[in-house]
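Q:
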Amino acid sequence: MSAREDLIRLAGRAASGSASPPDPLWAALTVDAQTARRAAVLMLFGALDEVPAASDKPLAPADLDVLLLERAHTLGSHPGQVAFPGGSIDAPETPVQAALREAVEETGLDTNGVEVLGTLQELGLAHSNFLVTPVLGWWRSPSPVRVVDYAESAQVFRVPVRDLLDPDNRVMATVHRAGRTFDSPAFTVNGVVVWGFTGIVLNGLFEQLGWAVPWDRSRVHPINV
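First residue of the sequence shown: 98, per this note's numbering; consecutive thereafter.
So this is what it looks like as structure tokens:
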């Protein structure tokens with residue numbers, strides 16, 4: 098079965114309510130639905146032949162990748178963190194419409210080449226009180242991407258899924274904030290660490306897709322915030 102078919106099957110299970118129990122870390126992503134703001138992110142997968150995976154482990158097709166961005170380090174909210182394209186849902190938008198609009202505004206992609214496969218369960222981003230809908234997409238006709246506004250993003254990049262799955266690139270990110278310690282599954286790729294909400298979402302997605310491979314969760318990577 099292809100990666101696209103795996104994603105379609107997952108979206109179908111989510112739509113029917115028959116998805117397998119989510120990653121426990123997903124279950125912990127909660128906010129008060131009555132007061133939270135709504136947002137959507139685009140989880141866009143595709144095939145980029147020109148930049149194959151660096152990892153030589155046969156964990157995923159070498160050209161399968163996902164679109165990410167690094168937020169500007171000057172932002173007041175989540176500065177410098179790696180994220181999916183996305184943002185607030187403006188009435189009367191649907192989550193799909195919002196995710197695509199935000200992706201255009203942040204990366205300049207052409208949405209005509211994006212096939213929307215479906216949406217996943219809403220996930221809470223407590224730090225900024227958002228209830229986020231992940232939108233699964235397949236890049237059937239890839240278009241160039243770039244940083245549209247450097248006040249918002251430091252870089253936009255497509256990262257091979259094989260590199261994300263490689264156990265050599267997996268760590269547990271640990272953050273000390275307000276006297277508490279927070280840990281999250283993380284990925285060290287493209288010169289950055291993908292941690293926090295995005296790391297948790299990617300980790301849970303790979304688990305639900307059956308793509309995940311064992312990795313050493315005792316490897317700790319401190320995050321300075």
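For every residue, glycine included, the Cβ atom is placed at its ideal position computed from N, Cα and C.
Using the three-state DSSP reduction, which class does P121 fall into: helix, strand or coil?
A: Correct three-state label for P121: helix.
Q: What first and last residue would you give for the beta strand (DSSP E) that runs through A251?
A: Unbroken beta strand (DSSP E) run through A251: 250-257.
Q: Rounded to the nearest angstrom, how far is the Cβ of L214 from that of L228, given a contact under 8 Å?
A: Not really, about 21 Å apart at Cβ, beyond 8 Å.
Q: Quick one: Cα of T271 to Cα of S315, how far?
A: Approximately 11 Å, taken between the alpha carbons.
Q: Should L191 be labelled buried (16 or more other beta-carbon atoms within 10 Å of its own) or exposed?
A: Checking the sequence, you will find Thr at residue 191 rather than Leu. So T191 counts as exposed.
Q: Tell me which residue opens and which closes the alpha helix (DSSP H) that S113 is part of.
A: Looking at the DSSP string, the run of the alpha helix (DSSP H) that includes S113 is 100-113.
Q: Out of V179, A100, L156, point me to the one whose CA is closest to I320's CA.
A: Residue V179 is the option with its Cα nearest to I320.
Q: Does the beta-carbon distance from L141 to W236 come in below 8 Å?
A: For L141 and W236, yes; Cβs fall inside 8 Å.
Q: Distance check for N209 and R357, CA to CA, integer angstroms please.
A: In this structure the chain extends from 98 to 322, so residue 357 is not present and cannot be described.
Q: Is the region 145-157 touching the region 249-259 in the sense that three or more CB pairs, one from each, lie closer than 8 Å?
A: Yes: at least three Cβ pairs fall under 8 Å.
Q: For the beta strand (DSSP E) containing T208, name the first residue and the last one.
A: Run containing T208: none; DSSP gives neither H nor E here.
Q: Can you name the start and end residues of the alpha helix (DSSP H) that F294 belongs to?
A: Counting along the chain, the alpha helix (DSSP H) containing F294 begins and ends at 293-306.
Q: Can you find the residues in the same chain that come closer than 8 Å, C-beta to C-beta, to T132, ignoring five residues on each side of it along the sequence?
A: For T132, where only same-chain residues beyond five positions count, the Cβ hits under 8 Å are N226.
Q: Considering only the beta carbon of each residue, do W68 and R267 sit closer than 8 Å?
A: This structure does not reach residue 68, given that the chain is present from 98 up to 322, and the question cannot be answered.
Q: Out of E219, A223, S240, S238, which one is the CA nearest neighbour of T230?
A: Selected option, being the one with the closest Cα: E219.
Q: I'd like the span of the beta strand (DSSP E) that includes I320, first residue to last.
A: Taken as a continuous stretch (DSSP letters only), the beta strand (DSSP E) holding I320 covers 317-320.
Q: Quick check on S250: buried or exposed, where buried means 16 or more other Cβ atoms within 10 Å of its Cβ?
A: By the 10 Å Cβ count, S250 comes out buried.
Q: Based on Cα-Cα distance, which residue from N300, E304, G205, G288 lies nearest to G177?
A: Closest option to G177, Cα to Cα, is G288.
Q: When the Cα atoms are used, what is the spatial distance from H318 to T171?
A: Cα to Cα, H318 sits roughly 22 Å from T171.
Q: Among all the DSSP beta bridges, which residues are the ones paired with W236?
A: Answer is G143, V211, bridged to W236.
Q: Looking at F294 and L324, is the spacing between their C-beta atoms short of 8 Å?
A: Limits of the chain in this structure are 98 at one end and 322 at the other, which puts residue 324 out of reach.
Q: Which partner residues does T230 have in the DSSP bridge list?
A: DSSP, once it has assigned bridges, lists A137 as partnering T230.
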